[in-house]
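Protein chains in written order, with the numbering used here: chain Y, 36 to 259; chain Z, 153 to 238.
Encoded as structure tokens, the structure appears first; notes follow it.
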């Protein structure tokens, strides 16, 4: 597994050099991996990489780019836009010559339309925001501040909002909240993997059996 | 209904807290949750509540969430049983 970089097109017309984790042996079977978002992205990072290692052993290259503004990216998250993320993942797929996409959870909202896609436990943007808003309300309440979902949503649309430590701009929030995973993908539900989803865990965890199962399902469909 | 809610709640806590199989069977009404388990921070509580909604088919309003219901296993069980009309 190696570190790679790729030119990421930005909404302002510029380009940013972004990071990707690559299991790249120049094989024809190449998969773009779109990571889960925000807190779920942290909880699923190890699982994602463990799946990539297993795909490598099954003869499949995989490339895990950063969404601009996330992970190792130097760009400020509050200036990003969902359309830019979608373009970014399409550009990464072209740059690395990916033949298909595997997306996890909220990453399923950003799979390139041009490629066949696997969606692992896809989730609507509204469900991600609902949970992040609830976490914000709970932590504010602990600090003695009363906030409501309605007021926070209005604040997000007016001037952006920090949720679970992630500063989301107003443009991002507006574009993101109605997003749903595309219908054309092959959906892999958690019950096909066994056990409960690692994004549910209060603390990041790992599960080799689940990584085995997801990689085997994907490799089985892509073909040896 | 009540026994089933109890079973489902133990299962959900097992999934969210990453407990070993059987560990949640030992929870009793006084077992401490929020404030006793360091991994249950606000993001984790939000995740737990969302999971309760999805798997117990209930809606939890933000203003219903109180420290008391999250303090112990018995408190949380009483809350979800009331929500499910048990």
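Note that the Cβ used here is the ideal one computed from N, Cα and C, for glycine as well.
Since this is a predicted model, take the numbers as computed values, not measurements.
Partner residues on chain Y for residue i, Cβ-Cβ distance less than 7 Å
i, result
"residue 197(Z)", "173"
"residue 201(Z)", "169"
Nonlocal neighbours in the same chain, by C-beta distance under 6 Å from residue i, ignoring five residues either side
i, result
"residue 154(Y)", "138, 143, 216, 220, 222"
"residue 97(Y)", "58, 66, 68, 87, 90"
"residue 200(Z)", "168"
"residue 190(Z)", "none"
"residue 179(Z)", "225"
"residue 130(Y)", "41"
Sequence-distant residues of the same chain with beta carbon closer than 7 Å to residue i, five excluded per side
i, result
"residue 81(Y)", "239, 241"
"residue 201(Y)", "73, 112"
"residue 185(Z)", "192, 222, 223, 224, 225, 228"
"residue 253(Y)", "90, 137, 153"
"residue 205(Z)", "211, 212"
Alpha-carbon to alpha-carbon, residue j and residue i
i, j, result
"residue 48(Y)", "residue 125(Y)", "15 Å"
"residue 218(Z)", "residue 161(Z)", "18 Å"
"residue 161(Y)", "residue 188(Y)", "11 Å"
"residue 132(Y)", "residue 55(Y)", "14 Å"
"residue 165(Z)", "residue 171(Z)", "8 Å"
"residue 214(Y)", "residue 157(Y)", "12 Å"
"residue 210(Y)", "residue 115(Y)", "11 Å"
"residue 62(Y)", "residue 198(Z)", "42 Å"
"residue 212(Z)", "residue 193(Z)", "18 Å"
"residue 64(Y)", "residue 134(Y)", "7 Å"
"residue 236(Z)", "residue 173(Y)", "23 Å"
"residue 256(Y)", "residue 204(Y)", "38 Å"
"residue 191(Y)", "residue 208(Y)", "7 Å"
"residue 188(Z)", "residue 214(Z)", "22 Å"
"residue 212(Y)", "residue 164(Y)", "7 Å"
"residue 78(Y)", "residue 249(Y)", "16 Å"
"residue 85(Y)", "residue 227(Y)", "17 Å"
"residue 246(Y)", "residue 208(Z)", "28 Å"
"residue 195(Y)", "residue 184(Y)", "14 Å"
"residue 37(Y)", "residue 101(Y)", "14 Å"
"residue 235(Y)", "residue 176(Z)", "16 Å"
Under 9 Å by beta carbon: chain Y residues contacting residue i
i, result
"residue 194(Z)", "169, 170, 171, 172, 173, 174, 175, 176, 177, 199"
"residue 217(Z)", "169, 172, 173, 176"
Per-residue contacts from residue i into chain Y (C-beta, under 8 Å)
i, result
"residue 209(Z)", "Residues of chain Y passing the Cβ test: none, with the nearest at roughly 15 Å."
"residue 214(Z)", "169, 172, 183, 184"
Same chain, Cβ closer than 8 Å to residue i, five either side skipped, listed in chain order
i, result
"residue 175(Y)", "181, 182"
"residue 199(Y)", "73, 74, 167, 170, 171"
"residue 221(Z)", "227, 228, 230, 231"
"residue 35(Y)", "There is simply no residue 35(Y) to check, as chain Y begins at 36 and stops at 259 in what is shown."
"residue 83(Y)", "68, 70, 71, 99, 139"
"residue 128(Y)", "67, 136, 147, 149, 150"
"residue 231(Y)", "225"
Closer than 7 Å: residue i CB and nearest the ligand SAH heavy atom
i, result
"residue 67(Y)", "With respect to the ligand SAH, the structure shown offers nothing to examine, as it has no ligands at all."
Cutoff 8 Å: residue i Cβ touching any chain C Cβ
i, result
"residue 251(Y)", "Of the protein chains in the structure, Y and Z, none is chain C."
Exercise. Taking Cβ-Cβ distances below 7 Å as the criterion, which residues of the stretch 231-249 of chain Y are in contact with chain Z?
Worked result: 231, 235, 236, 237, 238, 240
Problem set entry | chain Z contacts from the stretch 181-203 of chain Y (Cβ-Cβ distance under 8 Å) | Here the close residues are 183, 184, 199.
Exercise. Quick one, which residues of the stretch 138-172 of chain Y are near chain Z if we go by CB-CB under 9 Å, in chain order?
Worked result: 162, 165, 166, 167, 168, 169, 170, 171, 172
Exercise. When you check each C-beta in the stretch 67-78 of chain Y against every C-beta of chain Z, which residues fall closer than 7 Å?
Worked result: 74
For this session: Identify each residue in the stretch 163-181 of chain Z for which the Cβ-Cβ distance to at least one residue of chain Y is less than 7 Å, and report them in chain order.
Result: Only 167, 168, 169, 170 from the stretch 163-181 of chain Z bring a Cβ to less than 7 Å from some Cβ of chain Y.
Exercise. Can you list, in chain order, the stretches of the alpha helix (DSSP H) that have 4 or more residues and sit fully within the stretch 217-252 of chain Y?
Worked result: Runs found: 225-228.
Exercise. Where in the stretch 125-208 of chain Y do unbroken runs of the beta strand (DSSP E), each at least 3 residues long, occur, reported from the N-terminal end onward?
Worked result: 135-139, 152-155, 196-198, 201-203
Problem set entry | 4 or more residues per run - each alpha helix (DSSP H) lying fully within the stretch 201-225 of chain Z | 219-223
Exercise. What are the start and end residues of each continuous beta strand (DSSP E) run of 3 or more residues lying completely inside the stretch 63-100 of chain Y, in chain order?
Worked result: If we require 3 residues or more, the beta strand (DSSP E) runs fully inside the stretch 63-100 of chain Y come out as 65-69, 96-100.
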